[in-house]
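>
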Amino acid sequence: MIKKICLFVVFIALISVLRVHADNNPLIKQSDEPVEITSNRMEAFNEKKLVVFSGNAIATQGNKVLKADQLRLYYKEESGKKNKIGKIETENAGELEKIEAKGNVSLTQGERIATGDEAVYFRESNKVIMTGNAMLKEGKNLITGDRVIVFLNENRGIVESNTQKQVKAIIYPQEKKKAGSN
Numbered sequence: 304m305i306k307k308i309c310l311f312v313v314f315i316a317l318i319s320v321l322r323v324h325a326d327n328n329p330l331i332k333q334s335d336e337p338v339e340i341t342s343n344r345m346e347a348f349n350e351k352k353l354v355v356f357s358g359n360a361i362a363t364q365g366n367k368v369l370k371a372d373q374l375r376l377y378y379k380e381e382s383g384k385k386n387k388i389g390k391i392e393t394e395n396a397g398e399l400e401k402i403e404a405k406g407n408v409s410l411t412q413g414e415r416i417a418t419g420d421e422a423v424y425f426r427e428s429n430k431v432i433m434t435g436n437a438m439l440k441e442g443k444n445l446i447t448g449d450r451v452i453v454f455l456n457e458n459r460g461i462v463e464s465n466t467q468k469q470v471k472a473i474i475y476p477q478e479k480k481k482a483g484s485n
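Those letters in the sequence shown? Residues 304 to 485, by the working numbering.
1) Within 10 angstroms of its Cβ, does residue 465 collect 16 or more other Cβ (buried), or is it exposed?
2) Where does residue 427 fall in DSSP's three states?
3) What would DSSP say about residue 349, mapped onto helix, strand or coil?
4) From residue 398 to residue 351, what does the alpha carbon distance come to, in whole angstroms?
5) Under 6 Å Cβ to Cβ from residue 367, same chain only, skipping five residues before and after it: list those, please.
6) Could you tell me the alpha carbon to alpha carbon distance between residue 474 and residue 374, rounded to whole angstroms?
7) Applying the criterion that 16 or more other CB atoms from any shown protein chain within 10 Å of the CB defines a buried residue, is residue 356 buried or exposed?
8) Drop a sphere of 10 angstroms on the beta-carbon of residue 418, count the other beta-carbons inside from all chains shown, and report buried for 16 or more, exposed for fewer.
9) How is the beta strand (DSSP E) around residue 340 delimited, first residue to last?
10) Can you give me the Cβ contacts of residue 429 inside the same chain, cut-off strictly under 8 Å, excluding the 5 residues immediately before and after it?
11) Compute the beta-carbon to beta-carbon distance between residue 360 and residue 347, rounded to the nearest angstrom, for a pair I have assumed lies under 8 Å.
12) Beta-carbon separation of residue 343 and residue 358 under 8 Å?
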């Protein structure tokens, strides 16, 4: 119980130190923008509703950038619908459901950076779950754990760890402006 309270206090302190306010945050509510993906190679598997991008794969949506060695895009099935992904036409592929990222994964959104070995982006809930050497960084502040969950529309995150390794946070005090400087 004390561990959870301490984690909550540290997270609240981090959020307040970062001075990010949802009212004027341009990071909020961009999930309806298109996802642009670049990579060295692309393979489409129509029957699986899957498209695999490999080799320096980068997915960009608004100000969010997801990078990995490989990105796997999964689509919802919709009967009779045809979509184009690049120059490849897919049958019965509906909206993007999720993106799985594997190998050297990083997610950048403004000053917020999350890294890990693997990640899954869920389009409907607009959240990312990062695992394996997971880290969340904003400015100089840093939190590490086994799993980082970033809620992209809510300006909120959760860092979790197992019982052998605790969540670790390094939070720097706000720099005070010197008198006479702008």
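The beta carbon of each residue, even a glycine, is placed where N, CA and C say it ideally should be.
Let's see:
1) exposed
2) coil
3) helix
4) Cα to Cα, residue 398 sits roughly 14 Å from residue 351.
5) Cβ contact annotation for residue 367 (same chain, cutoff 6 Å, sequence separation greater than five): 412, in chain order.
6) 32 Å
7) Classification for residue 356: buried.
8) buried
9) 339-341
10) 334, 454, 455 and 456
11) About 14 Å; that fails the 8 Å criterion.
12) yes
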